[in-house]
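Asker:
There are 4 protein chains.
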Amino acid sequence: MLRIGLLGAGRIGRVHATNIAAHPKSFLVAVSDINVGAAKDLASAYHADAADVDAVINNPDIDAVLIATSTDTHSDLIERAAKAGKAVLCEKPVDLSLERAKACLAAASQAGTPIMIGFNRRFDPNFSGIKIALSKGDIGKPELLSITSFDPAPPPVSYIKVSGGLFRDMMIHDFDMANFIMGDLPKTVHAVGSSIVDPEIGAAGDVDTAVVTLTYADGRIAVIKNSRRAVYGYDQRVELLGSDGLLSAGNVLEHTISKSTASGVTSAKPEFFFLERYMRAYAAEWDAFVRSVEEGRAVPVTLQDGVAALALAEAAANSLVSGRPSSVSI
Amino acid sequence: MLRIGLLGAGRIGRVHATNIAAHPKSFLVAVSDINVGAAKDLASAYHADAADVDAVINNPDIDAVLIATSTDTHSDLIERAAKAGKAVLCEKPVDLSLERAKACLAAASQAGTPIMIGFNRRFDPNFSGIKIALSKGDIGKPELLSITSFDPAPPPVSYIKVSGGLFRDMMIHDFDMANFIMGDLPKTVHAVGSSIVDPEIGAAGDVDTAVVTLTYADGRIAVIKNSRRAVYGYDQRVELLGSDGLLSAGNVLEHTISKSTASGVTSAKPEFFFLERYMRAYAAEWDAFVRSVEEGRAVPVTLQDGVAALALAEAAANSLVSGRPSSVSI
Amino acid sequence: MLRIGLLGAGRIGRVHATNIAAHPKSFLVAVSDINVGAAKDLASAYHADAADVDAVINNPDIDAVLIATSTDTHSDLIERAAKAGKAVLCEKPVDLSLERAKACLAAASQAGTPIMIGFNRRFDPNFSGIKIALSKGDIGKPELLSITSFDPAPPPVSYIKVSGGLFRDMMIHDFDMANFIMGDLPKTVHAVGSSIVDPEIGAAGDVDTAVVTLTYADGRIAVIKNSRRAVYGYDQRVELLGSDGLLSAGNVLEHTISKSTASGVTSAKPEFFFLERYMRAYAAEWDAFVRSVEEGRAVPVTLQDGVAALALAEAAANSLVSGRPSSVSI
Amino acid sequence: MLRIGLLGAGRIGRVHATNIAAHPKSFLVAVSDINVGAAKDLASAYHADAADVDAVINNPDIDAVLIATSTDTHSDLIERAAKAGKAVLCEKPVDLSLERAKACLAAASQAGTPIMIGFNRRFDPNFSGIKIALSKGDIGKPELLSITSFDPAPPPVSYIKVSGGLFRDMMIHDFDMANFIMGDLPKTVHAVGSSIVDPEIGAAGDVDTAVVTLTYADGRIAVIKNSRRAVYGYDQRVELLGSDGLLSAGNVLEHTISKSTASGVTSAKPEFFFLERYMRAYAAEWDAFVRSVEEGRAVPVTLQDGVAALALAEAAANSLVSGRPSSVSI
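Protein chains in written order, with our numbering: chain A, 1 to 330; chain B, 1001 to 1330; chain C, 2001 to 2330; chain D, 3001 to 3330.
(1) To the nearest whole angstrom, what separates the beta carbons of B/Leu1096 and B/Arg1168, a pair I think is in contact under 8 Å?
(2) How do the region 1138 to 1148 of chain B and the region 1267 to 1278 of chain B stand: do at least 3 beta-carbon pairs fall below 8 Å, yes or no?
(3) Spatial neighbours of D/Asp3184 within its chain, please: CB distance less than 7 Å, with the 5 preceding and 5 following residues excluded, ordered by chain position.
(4) Are the CB atoms of D/Val3231 and B/Thr1261 within a distance shorter than 8 Å?
(5) Between the C-alpha atoms of D/Leu3246 and A/Pro154, what's the straight-line distance to the nearest angstrom?
(6) Using only the alpha-carbon positions, how far apart do D/Arg3003 and D/Pro3024 sit?
(7) Tell me whether B/Ala1311 counts as near the ligand SAH, meaning its Cβ is closer than 7 Å to at least one heavy atom of that ligand.
(8) Return the residue from the list C/Ser2044, C/Phe2150, C/Ala2111 that minimises the CA-CA distance to C/Leu2166.
(9) What would DSSP say about A/Arg3, mapped onto helix, strand or coil?
(10) Please confirm whether C/Ala2308 and C/Val2189 have their CB atoms less than 8 Å apart.
(11) Could you give the distance in angstroms between the alpha-carbon of B/Gly1205 and the alpha-carbon of B/Leu1303?
(12) Helix, strand or coil for C/Thr2215, going by three-state DSSP, please let me know.
(13) Classify D/Arg3237 as helix, strand or coil using the three-state DSSP reduction.
(14) For the candidate residues C/Asp2244, C/Ala2298, C/Glu2254, C/Phe2274, whose alpha-carbon lies nearest to that of C/Cys2137?
(15) Report all residues from its chain with a CB closer than 6 Å to the CB of D/Ala3111; omit the five preceding and five following residues, and keep chain order.
(16) Quick check on the DSSP output: the beta strand (DSSP E) that includes C/Glu2143 runs from which residue to which?
(17) Using a Cβ distance threshold of 8 Å, determine whether the region 1067 to 1082 of chain B contacts the region 1126 to 1134 of chain B, with at least three qualifying pairs required.
(18) By Cβ distance, which residues of its chain are closer than 6 Å to A/Arg229, with the 5 residues on each side in sequence left out?
(19) From the DSSP output, in three-state form, read off B/Ile1067 for me.
(20) At 3 residues or longer, and completely inside the region 8 to 41 of chain A: list those beta strand (DSSP E) runs for me, N to C.
(21) Name the residue from D/Ala3249, D/Asp3054, D/Val3031 whose alpha carbon lies nearest to the alpha carbon of D/Tyr3046.
(22) Could you tell me the alpha carbon to alpha carbon distance between D/Phe3274 and C/Asp2287, rounded to whole angstroms?
(23) What are the residues of the region 260 to 277 of chain A that lie near chain G, defined by any Cβ-Cβ distance shorter than 8 Å?
(24) Considering B/Ile1078, what are the terminal residues of the alpha helix (DSSP H) in which it resides?
(25) Would you list, in chain order, the members of the region 2217 to 2246 of chain C that have their beta-carbon closer than 7 Å to a beta-carbon of chain A?
(26) Could you tell me which residues DSSP pairs with D/Asp3049 in its beta bridges?
(27) Quick one: what's got a C-beta closer than 8 Å to C/Lys2086's C-beta in the same chain, skipping five residues either side?
(28) Grouping DSSP H, G and I as helix and E and B as strand, with all else coil, what is B/His1190?
(29) I'd like to know if the region 2312 to 2330 of chain C and the region 3012 to 3022 of chain D are in contact, where contact means that at least 3 CB-CB pairs between them fall below 8 Å.
(30) Of all the CB atoms in chain C, is at least one closer than 8 Å to the CB of D/Asp3033?
(31) Within 8 Å (strictly less), CB to CB, does A/Ser248 reach chain D?
(32) With 8 Å as the threshold, decide whether the Cβ of A/Ile130 is near any Cβ in chain B.
(33) Just to make sure I have the definition right: I need the residues of chain B whose C-beta is within less than 7 Å of the C-beta of A/Asn126. Which are they?
(34) Which residues share a DSSP beta bridge with A/Pro114?
(35) If you draw a straight line from the C-alpha of A/Met1 to the C-alpha of A/Ser26, how long is it?
(36) Does any residue of chain C have a CB that is nearer than 8 Å to the CB of D/Thr3018?
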């Protein structure tokens, strides 16, 4: 039984609290949040205690810490929790700065506790199924990867300004997915982008629509498409062409109902956004973390993986500015 | 916060325990099972106590009882829990005997506590969505309902012998679905069936494949198809033709991956069986029960509904014997 | 090169004319119609001659006759063309009277020329694919067949009155499909029906919505659903459950476009009616006829098949009146 | 009635011959081919004459010429037929040389006869439906276009060497599709590619897998993916994201049958290659040509369109060599 301290009682913190409570091998001990009321409400729903961050990190009755706070606190909290000997599951991204993320990696590695980064999409059964099928040789050698990743609506421009930009904030998930599936870093990254959805996003120095092409040393190619706005919902698809076939993972839909009338056939939209689409993935992610820690095995998504995704985001941002492909190295 | 006693720590009891623990407004207090070890294991995973049935039913710190024991105990436990003033959620069917179910309805009605029957499929978002769309007038007036309901594999013949037969054990869900969607009882029930899947099932006096046709006083027609064996998984679909269109609810699939190779395109099977397919439905059912009780509203599936489904099962069983349509009345 | 005389220049006659002209092994020589202008127009589009029925049937430069005239002329024209030594492809049904159809079969059999009945659905690649997959053993032994067959809109009541009724006019296609797939005649036929779409159809002595259940001597079951009105188009599906799986043939859709917007995902309706849905089937049917005649092989749909489908229609009509299952024999 | 001379009796010539014969407003008069036997065979199947190219082009009883010969003859034959006053439908591409194509455009424009280029995909109802829906405003303003276009298998390397390369030979269709849907030329073209399918293709100086990104002056982006090998068949899809939604045109499948067994659900592959997939498109293309000429309206795909697609192919080829985006101008 893993005893858990949860840092962050916001939207994603509540998702994690439910998974911690439902899992037969984990138990929620304490919740912390800068909003004390939110921490208390969430704690009471699951018969846990509210506490401040230090108390949680230093609580000897807590085995593992789940970090679901704002991005700018991630590196620090990872380092502190690791030093306190806690196992850590931290939401993505590690940091907006590649340098700071590398420093966190160096510091945390010394502590030697398990540290997992919450790239939740790796636990989506559809995407992990692509990886498994590829590994089994179902489509022979991979050749061309295509990732479609559209959000339902852009965040406020005020958020865009502090987000680190589309590549670090949004496409970072897709960079991790490319790294996960391809099992290697690309050689070059070429980005095009525009602020065709909202010129205010352009005025804030960011793009809202982008296509990034990745080339690999062995001739493989990947392409990632992002848009901040798909009014029909969260569009999350992966396709991988190989020498013996194609693997394709589609959207998870709200339901299976279709309605056929004189004006056409209507069916479900994709699940609206990440909380809906990745509900099962968050539970699977939590299960993977609990099992890894309990069984003393390596976590399935490392802090190193978090740094690698950030390196691709930085290369893409550079390419967008220069108009030319960037090379990648960590 | 609803404090819950769980009767039955078997397969379906464990599903309910998880939902009770994950729900922010319910709390698992005690678990009972004739297998004391099973009760203890399940209780400890959720920091609850193991206790015997009487202790649970009479525990003043318990507000509601969830009955997930074997069918032959349902009527008795409903009556006892109701008398003890507990709200009740009981798994289907109420009983194998229509007479006993009617007696239970009479007895329990006097107690006046909320009693809900676990026809979980009503909480499947696909099937409930059919009902909602129909109610909104999306397809005009309903005319022809078609229910496909196949199990992945037949149970052991030893179970068949005590099951009450296909109509009471398996098709009862579909009879409830017909009652739920049509909002009325049929006028006639005509059944055909055979034991083409396994002659041993025929030797035990039951059928494993059946088609039942229902006619309604206003000209509507429904048809239910059952098979004990669909080797590809649990096949659960509903179609409703109306004056302005068709509503169709399909299977929930294991994943959204498709694999295209030289030999064809392969995609996911339906979720294997009821625990997988109706995972979300069980959670929604539990949420509906908790909200109804907490808010003092009528439960969405009544003991009366349980009796009505049983009445259709009895009519179908009679039709199979006589070779002619049976009439229905409660 | 097969030289063809076409009897009937109406809607379906024009479809056949196009297939005759496009086929590299057939050549349209003459067209006949009671509407002489229609015959001339169609003939001139394909550089053929217009002529009267006798001239076509007796033309020594014509090898085969395609009968696409009204139902009441079919038996006579089959007999006359057969006597004249022509190969014959005749549209369904053979006749509305089972007795007359049997007499036609007896008379035409003596002539010994190839006579094929235009049960076009057997040439739909989806339905024929079901038969082929079944024959290859893809789903083991067949157990439960389900046919959905809805027209987009009812014909005028004036037509209903002379149509022979839903079972002989519309469901006859589905009876033939059941005979085709099951490879045997059923033992019993049970029909329910109502005129819920249009009470005027009921007043004319017919039904517009019907479900027919067929049982076979070896325990197999089939169910056919018909409605005269599916406002979304021509709904034509077949499902066959077997010991090793399910074969399912869906609708052919107008296109493959889907549109995802904030209000849902919209996709294509089924092809509107039989001319659209079975466009490819008519071409395949024609090709099968040409090849059979040219190569001296048996035609794939015999006059006997036409009589068998009519026998099921008569049994269903009787069951609807009696309220009980009818037995079938030819 | 349009009287037609067909130049080329190869694979695609035979498709056109069938469409000419089946169309009620066109009539096949003569067929020419460097293989005289092929011309005779095809002519006799449709009661036409075989003749040499000059005889066809100069035949006063011929109104229009369909050019289905090898690519290196297109420019010359277009010019000669135009000079002879014939309407022309010519298979794509106009030429492998952008300069030669421009010269052909200049020469043929003087003749003033209708000249249409056979970009057949514009007549695929799925892709033309995307254009129509966009024009009706179904998804608001277009933002991001994605074209997937994979062949089932690479041609022989001997063909690759004379093909003009992947961009001029294969992706030219997709460049035309981008021009068709976007209604404008892109500003920049960036290409990546590799010969991961077959190193021999690389040794011949070509690529077999490529991703091309197009940017437009107003911020729109398009991406085209090509592979010479998709072992599951001809993969032809288009997706267009707009401010109000997504339009998506999928593959046309071989049939609608699905087979569900214990090992998964199997369904149809895409139609194998262009003759199967675009069978309906070729017929619609022919109908559009016949109607345009008969009614004196402008043809829907002009020689100018043929030149524009070639200009994009040249820009992509340049980008692949330089590693940087190319600009586009005609």
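All residues carry an ideal CB built from backbone N, CA and C; glycine is no exception.
Answerer: The structure says:
(1) Taking the first residue of the second sequence as 1, we reach residue 1096 of chain B at position 96. Taking the first residue of the second sequence as 1, we reach residue 1168 of chain B at position 168. Indeed they touch by this definition, with Cβ atoms about 6 Å apart.
(2) For the pair of segments examined, the region 1138 to 1148 of chain B was found not to touch the region 1267 to 1278 of chain B: the number of CB pairs separated by less than 8 Å stays below three.
(3) Mapped onto the fourth sequence, residue 3184 of chain D falls at position 184. Correct list, in chain order: Tyr3216.
(4) Numbered from its first residue, the second sequence carries residue 1261 of chain B at position 261. Numbered from its first residue, the fourth sequence carries residue 3231 of chain D at position 231. Going by C-beta atoms, B/Thr1261 is nearer than 8 Å to D/Val3231.
(5) Along the fourth sequence, one-based indexing puts residue 3246 of chain D at 246. Along the first sequence, one-based indexing puts residue 154 of chain A at 154. Using only the alpha carbons, I get a separation of about 16 Å.
(6) Working through the fourth sequence from its first residue, we reach residue 3003 of chain D at position 3. Working through the fourth sequence from its first residue, we reach residue 3024 of chain D at position 24. Taking the CA atoms as reference points, D/Arg3003 sits about 11 Å from D/Pro3024.
(7) No copy of the ligand SAH occurs in the structure displayed, which carries no ligand at all.
(8) As a first step, residue 2166 of chain C is located in the third sequence; it is residue number 166 there, counting from the start. Minimum Cα distance to C/Leu2166 is reached at C/Phe2150.
(9) Within the first sequence, the letter at position 3 stands for residue 3 of chain A. Strand, per DSSP.
(10) The residue given as residue 2308 of chain C occupies position 308 in the third sequence. The residue given as residue 2189 of chain C occupies position 189 in the third sequence. For C/Ala2308 and C/Val2189, no; Cβs fall outside 8 Å.
(11) Walking along the second sequence from the start, residue 1205 of chain B turns up at place 205. Walking along the second sequence from the start, residue 1303 of chain B turns up at place 303. For the pair B/Gly1205 and B/Leu1303, the Cα-to-Cα distance works out to about 29 Å.
(12) Working through the third sequence from its first residue, we reach residue 2215 of chain C at position 215. The three-state reading of DSSP puts C/Thr2215 in strand, counting E and B together.
(13) As a first step, residue 3237 of chain D must be located in the fourth sequence, where it is residue number 237. In the structure shown, D/Arg3237 sits in a strand (DSSP, three-state: E or B).
(14) Reading the third sequence from its first residue, position 137 is the one you call residue 2137 of chain C. In the sequence as presented, Cys is not what sits at residue 2137 of chain C; that position holds Gly. Nearest option by C-alpha distance: C/Asp2244.
(15) Here residue 3111 of chain D refers to the residue found at position 111 when the fourth sequence is read from its first residue. Cβ within range, chain order: Ala3082, Lys3083.
(16) By 1-based counting over the third sequence, the position of residue 2143 of chain C is 143. In the DSSP assignment, C/Glu2143 falls within the beta strand (DSSP E) that extends over 2142 to 2150.
(17) No contact exists between the region 1067 to 1082 of chain B and the region 1126 to 1134 of chain B.
(18) Translated into positions along the first sequence, residue 229 of chain A becomes position 229. A distance below 6 Å between beta-carbons, with the five flanking residues on each side excluded, links A/Arg229 to the following residues of its chain, in chain order: Ala153, Pro154, Val197.
(19) The count along the second sequence starts at 1 and reaches residue 1067 of chain B at position 67. Residue state for B/Ile1067 is assigned as strand, using DSSP reduced to three classes.
(20) The region 8 to 41 of chain A contains, as complete beta strand (DSSP E) runs of 3+ residues, the segments 26 to 32 (chain order).
(21) Along the fourth sequence, read from residue 1 onward, the residue named residue 3046 of chain D stands at position 46. Nearest option by C-alpha distance: D/Val3031.
(22) Counting from one through the fourth sequence, the residue named residue 3274 of chain D turns up at place 274. Counting from one through the third sequence, the residue named residue 2287 of chain C turns up at place 287. For the pair D/Phe3274 and C/Asp2287, the Cα-to-Cα distance works out to about 22 Å.
(23) Of the protein chains in this structure, namely A, B, C and D, none is chain G.
(24) Locating residue 1078 of chain B in the second sequence gives position 78, counting from the first residue. Run containing B/Ile1078: 1074 to 1083, per the alpha helix (DSSP H) assignment.
(25) Across the region 2217 to 2246 of chain C, CB contacts with chain A closer than 7 Å involve Val2231, Tyr2232, in sequence order along the chain.
(26) Mapped onto the fourth sequence, residue 3049 of chain D falls at position 49. The partner list for D/Asp3049 (beta bridge, DSSP) reads D/Ala3030.
(27) The residue labelled residue 2086 of chain C in the question sits at position 86 within the third sequence. Cβ neighbours of C/Lys2086 beyond the five flanking positions: Gly2005, Ile2057, Ile2062, Asp2063, Ala2064, Val2065, Thr2113.
(28) Counted from its first residue, the second sequence places residue 1190 of chain B at position 190. Three-state result, B/His1190: strand.
(29) Cβ pair count under 8 Å is below three, so no.
(30) Translated into the one-based positions of the fourth sequence, residue 3033 of chain D becomes position 33. D/Asp3033 is outside the set of residues whose beta carbon lies under 8 Å from a beta carbon in chain C.
(31) Taking the first sequence and counting its residues from 1, one reaches residue 248 of chain A at position 248. A/Ser248 does not count as touching chain D.
(32) Start at 1 with the first residue of the first sequence, and residue 130 of chain A comes out as number 130. Taking 8 Å as the CB threshold, A/Ile130 lines the interface with chain B.
(33) Taking the first sequence and counting its residues from 1, one reaches residue 126 of chain A at position 126. Neighbourhood of A/Asn126 in chain B, by CB distance below 7 Å: His1255, Thr1256, Ile1257, in chain order.
(34) The residue you call residue 114 of chain A lines up with position 114 of the first sequence. DSSP lists no bridge partner for A/Pro114.
(35) Residue numbering aside, residue 1 of chain A sits at position 1 when the first sequence is read from its first letter. Residue numbering aside, residue 26 of chain A sits at position 26 when the first sequence is read from its first letter. Taking the straight line from one Cα to the other gives about 5 Å.
(36) As a working mapping, residue 3018 of chain D is identified with position 18 in the fourth sequence. Yes, because at least one Cβ of chain C sits closer than 8 Å to the Cβ of D/Thr3018.
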